[in-house]
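Chains as they are written, first to last, in my numbering: chain A, -1 to 163; chain B, -1 to 163.
Positions of the beta carbon are idealized from the N, C-alpha and C atoms, including for glycine.
None of the values given here were measured: they were computed from a predicted structure.
Step one of this worksheet: look at the structure below.
Protein chains: 2
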Amino acid sequence: MTALLALKDTLLDSVKEVFESMVFMSLSEVEGQAPDAGDLALLGTITFTGSLEGCLTICCGQRCAQTIAANMLCMESLDELADEDTVDAIGEIANMVMGSVKTRLQDEITDITISIPSVVQGRHLSNRLSEGMVQAVVNATLADEHHASFSLLHRESGTGSGGNG
Amino acid sequence: MTALLALKDTLLDSVKEVFESMVFMSLSEVEGQAPDAGDLALLGTITFTGSLEGCLTICCGQRCAQTIAANMLCMESLDELADEDTVDAIGEIANMVMGSVKTRLQDEITDITISIPSVVQGRHLSNRLSEGMVQAVVNATLADEHHASFSLLHRESGTGSGGNG
């Protein structure tokens, strides 16, 4: 099975590719997560099924999410942004990063089916792991200013006890 | 297209069916949402695709989630519960309610594909709608004590501007 270490590299490469080619923001990996001050944040999630199943998430503060959305839409100012634009941008980042991960894994895992993203707003957000799941995590700064974290939660399909058979 | 009002009834019937037959807890619909005191809560989400796409969510406080998990697992006391049991229970509720919704809609919509659930923990949690999405909401009390809310966010596929083509 694909080792967790390899998936962490796959996740990092995919995140970098999306931010360079689609968001036009510099991204550097950082050690350790930014302290969660309880500020309002957005969490975008996209699930996938196949012989490897799980979900990919991006979590960042409201201001970071707005900056990402403005960059993707080539807007000069955050004032022009509708609330929905920001939500859709975070969902679309999850979708694009997952697409890149799928492409990078396709020699090893050929049967991954990706669903559609969903976005949640809240404070002190964290992904919770189901039975048998492990996660690869990438913490990053964007444009030397914002913090965002990315997770790839996964397990071999059939590992959990869930009744999704 | 399926009217929002009809989907709200479909959601309520599905929630009732799952709680009666699988969780063994009484459930009553209530008007208006419980005030969000900022307590720690769990949000379970399951997405679906097809000519109708979106996600179904359940959101409830930590104690409510533990009670649901203990009931599903026929445990006498919450002390025996592992953290993962609670997470899996909330994901499984989303999965089962969505399965029931799909069955109820199958004469009208034949091509719904359901993904796997994901679970997020946090405070002040709320679903955020993507472009073109509307939601049907059911607020309920469980066992006359706990509050839980259920949402069915949906749109006709292709309605949004997202690049998930």
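Mind the definition here: the stretch 53 to 67 of chain A touches the stretch 91 to 105 of chain A only if three or more C-beta pairs lie below 8 Å; say whether that holds. yes
Per-residue DSSP class, three states only, for ALA68 (chain A): helix
Is the CB-CB distance between VAL85 (chain B) and ARG102 (chain A) below 9 Å? no
Can you tell me which of the three DSSP states ALA35 (chain A) falls into? coil
Does ILE91 (chain B) come out as helix, strand or coil in the three-state DSSP assignment? helix
For chain A, find out if any of its Cβ atoms is closer than 9 Å to the Cβ of ASN167 (chain B); answer yes or no. The structure shown does not extend to residue 167 (chain B), since chain B spans only -1 to 163, so no value can be given for it.
Using a Cβ cut-off of 7 Å, which residues of the stretch 49 to 81 of chain A contact any Cβ in chain B, in chain order? GLU51, CYS53
Check whether the stretch 139 to 152 of chain A and the stretch 22 to 39 of chain A touch, using three or more Cβ-Cβ pairs below 8 Å as the test. yes
Under 7 Å Cβ-Cβ, which residues of chain B neighbour THR47 (chain A)? SER113, ILE114
GLY76 (chain B): which of B:LEU41, B:LEU5, B:ARG61 sits nearest, CA to CA? The amino acid occupying residue 76 (chain B) in the given sequence is Leu; Gly does not appear at that position. Checked all of B:LEU41, B:LEU5, B:ARG61; the closest Cα to LEU76 (chain B) is B:ARG61.
Neighbour flag for THR101 (chain B) against chain A, beta carbons, 9 Å: no
Could you tell me the distance, in whole angstroms, from the CA atom of VAL117 (chain B) to the CA atom of THR43 (chain B)? 6 Å
My assumption, with CB atoms under 8 Å, is that ALA20 (chain B) sits in contact with MET70 (chain B). Please give the rounded CB distance. It is worth fixing the name first, because residue 20 (chain B) is Met in this sequence and not Ala. Confirmed, Cβ separation roughly 7 Å.
Integer Cβ distance of ILE110 (chain B) from GLY48 (chain B), believed to fall under 8 Å: 4 Å
Proximal chain B residues relative to GLN133 (chain A), where beta-carbon distance stays under 8 Å: Here the premise fails: no neighbours, minimum Cβ distance about 12 Å.
In angstroms with no decimal places, state the Cα-to-Cα distance between VAL135 (chain B) and ALA39 (chain B). 17 Å
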